[in-house]
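>
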Amino acid sequence: MSAEIMKYDLFINGKDVKPSDGKYLKRENPATEETTFSIAQAGKTDVDKAVSAARAAFQKWSSVQPTERASMLLRISGKLKENTDRIARINTLETGKPIRESKLVEIGGSVKTLEYYAGAVSRLNGESIPVSDNQLSVTLKEPVGVTAQIIPWNFPLLLSFWKIAPALLAGCTIVLKPAEITSSAILEVARLCSEAGLPDGVFNVVTGEGSVTGQALVEHPGIDKIAFTGSTDVGKIIMKTASQNIKRVSLELGGKAPCIVFNDADIDEAVEACLRGGFFNQGENCTAVTKLLLQKNIYESFLERYIEKIEKIRISDPMDENTELGALISKEHYDNVNRYIEKGVSEGGNVLTGGKRPENMKKGYFLKPTVVDNVSVDDTIACEEIFGPVVAVMPFTVEDEAVRIANNTRYGLAGGIWTKDINRAMRMAKAIKAGYLWINTYGGIIPQTPYGGLKESGIGKELGNEGLENYLETKTVNIYTGGKIPKWYKG
Ligand code: TAP
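Counting from 2, one number per residue, gives the positions in the sequence shown under our numbering.
1. Could you check if E107 is buried or exposed, using at least 16 other CB atoms within 10 Å of its CB as the buried criterion?
2. Suppose contacts are defined by Cβ-Cβ distances below 9 Å. Is V207 in contact with K178 by that definition?
3. Straight-line CA distance for I130 to I440?
4. Determine the closest residue to Q283 out of V392, D379 and E35, with distance taken between C-alpha atoms.
5. Do you know offhand how far G436's Cα is from T288's?
6. Within its chain, find whatever has a CB closer than 6 Å to the CB of V132; leave out the 5 residues flanking it on each side and keep chain order.
7. Quick one: is R70 buried, meaning 16 or more other Cβ sit within 10 Å of its Cβ, or exposed?
8. Whole angstroms are fine: how far does the CA of S53 sit from the CA of V219?
9. Closest to G278 by C-alpha separation, out of K80, I261 and E301, would be which residue?
10. Any beta carbon from chain D within less than 9 Å of G327's own beta carbon?
11. Just to confirm the assignment, what range does the alpha helix (DSSP H) spanning C275 have?
12. Between the alpha carbons of E333 and P167, how many angstroms are there, rounded?
13. Please list the terminal residues of the continuous beta strand (DSSP E) segment that includes V176.
14. Which partner residues does I182 have in the DSSP bridge list?
15. What did DSSP end up calling T288 once you bin it into helix, strand or coil?
16. Does the beta-carbon of L105 have 16 or more other beta-carbons within 10 angstroms, so that it is buried, or is it exposed?
17. Does DSSP put N351 in a helix, in a strand, or in coil?
18. Return the CA-CA distance between M2 and S39, expressed in angstroms with no decimal places.
19. Does DSSP put W163 in a helix, in a strand, or in coil?
20. For I227 versus R249, is the C-beta distance shorter than 9 Å?
21. For A149, which residues does DSSP report across the bridge?
22. Pop quiz: E457 and T291 are said to be a contact at Cβ under 8 Å. What is the actual Cβ separation, rounded to whole angstroms?
23. Looking only at its own chain, which residues have a Cβ that is under 7 Å from the Cβ of F156, when we skip the five neighbours before and after it?
24. When the Cα atoms are used, what is the spatial distance from S338 to F204?
25. Please state whether DSSP places Q330 in a helix, a strand or coil.
26. Less than 8 Å between the CB atoms is what I'm expecting for P99 and L326, so what's the real figure, rounded?
27. Could you tell me which of D374, G365 and G349 sits nearest to G355, measuring between CA atoms?
28. I'd like the span of the beta strand (DSSP E) that includes G417, first residue to last.
29. Between E253 and ligand 1, is the CB less than 8 Å from at least one heavy atom?
30. Does the Cβ of I480 have 16 or more other Cβ atoms within 10 Å, making it buried, or fewer, making it exposed?
31. Spell out the partners DSSP gives E474 in its beta bridges.
32. For Q449, which of helix, strand or coil comes out of DSSP?
33. Would you tell me roughly how many angstroms separate the C-alpha atoms of K476 and L81, rounded to the nearest one?
34. Is it buried or exposed, K8, if we count other Cβ atoms within 10 angstroms and call 16 or more buried?
35. What do you reckon, is the C-beta of C287 under 8 Å from a heavy atom of ligand 1?
36. Could you name the residues that DSSP lists as bridge partners for K27?
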């Protein structure tokens, strides 16, 4: 049993607030299996309080000069930088991910997102549209209102800031619900936002179970827009619920990314990128390479180098700066990923490496990076999202065959293409049904670039200009400048 249990309340109207029915969830550190956190469970009354606070703050925040809102983003980013070590530690304790990924990706990526949107203030401008000599038409960009932001457990900070930064710049206020098992770091961040000077009520955090707290939030009539990242199944529930009063919805959902390596690719570089693409964040990543398609005549040589490198990945205590692969998020998820590996084998797959826990790790939900071959295009592990360090490899001969295997999924989030032939690369980029592609590299999502899925991977984009548009409504105003208006009725 851990000596120290960190207890967290809700964060409403700039203050820590106890949940109205006094319920807390115990959360273990997935790397040690010790109870480490105690997290408030918000019921309907608490959600109502948070939405009311966000509604009350909206009028004032939306009237703050856009340049001042941009400065606020920079102040929050400054607070994150100052507190990197402390916040990264909490993030790693609750997620099991390597501390260097908490620092560089979760906090580093959040800082970059805040800085990017702080510089995007001119994109709040509307347009002046030429119509005729006697009319001036302009568009106004107005904040959409009070937003519900629902976050999954795999990147509790980064995915929050993909939503928080554009929403604040646009003038929206926020009620954010993190995954119940990864709520602590974002609650710490909410306090930092207040310290940075963000007015009370602009950013609120309600923690608790998805089907209770999350559902109460998406049903709430005081919410104008829902920004959701999570599974496709929950995304469907959210879309249905939002239809009741036509709330704006953006959905970032599941993925099953292919990476296609042609025989003219730089194989050493492709191996390196596919390692990171498959096993970064323990493969708990919606853009993770999960279907590795290798052209037949490089199949063996690629796999030899790939597996040699995989077996050198350092799996160890996530708090150690040298650790490269940490623990999976929970026992439930660890069991689920293992079931996928068993299913892969029962359908004829052959585990080339991994498939079990590392011998030196006695506690925690650690799993060796796993590669399975002899997988057919319709096998479960080739079609379903596993969300763990498991890659299915498949050979292909010609472009069309690679495209067919890559697109054989309900998802369309991301993918990679490796070839030195630029014409082929662009042909493949057009043929692959995915919203975000890499050519001759893999991974890394840049705040300037719109990111989001096709098919059942979602609706709408985050980041870039489109990520800001999520939080804006366009209003058209027509001004008549031509003297008397033309008569329609004769009388
Ligand atoms: P989900 O189970 O879908 O949960 C996502 C969030 O929704 C959590 O905060 C969850 O709360 C909440 N939730 C669950 N049921 C809800 C309901 N009825 N109403 C409102 N909220 C509800 O996903 P997950 O297991 O956390 O994350 C993994 C999934 O996220 C994968 O499918 C992955 O591909 C996807 N993902 C997509 C992206 C992008 S950018 N496309 C990025 C990361 C992850 P609780 O967890 O507290 O129950």
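Here a beta-carbon is modelled for each residue, glycine too, at the ideal position from N, C-alpha and C.
Here's the rundown:
1. buried
2. yes
3. 38 Å
4. V392
5. 10 Å
6. S138
7. buried
8. 14 Å
9. I261
10. The chain labelled as chain D is not found in the depicted structure, where only one protein chain is given.
11. I268 to F280
12. 34 Å
13. T174 to K178
14. Answer by DSSP bridge pairing: none, since I182 is not bridged.
15. coil
16. exposed
17. strand
18. Confidence is the limiting factor: at M2 the pLDDT is only 44, short of 50, which leaves the residue's position unreliable, though a coordinate-based value still follows. Cα to Cα, the separation comes out at about 14 Å.
19. helix
20. yes
21. V176 and I227
22. The pair is not a contact, with the Cβ atoms about 15 Å apart (cut-off 8 Å).
23. E107
24. In the sequence as displayed, the identity of residue 338 is Val instead of Ser. One C-alpha to the other measures close to 35 Å.
25. It is Ile, not Gln, that sits at residue 330 in the sequence shown. Looking at I330 - three-state DSSP - the assignment turns out to be coil, as it is neither helix nor strand.
26. 7 Å
27. D374
28. A415 to W419
29. yes
30. exposed
31. E143
32. coil
33. 35 Å
34. exposed
35. yes
36. S39
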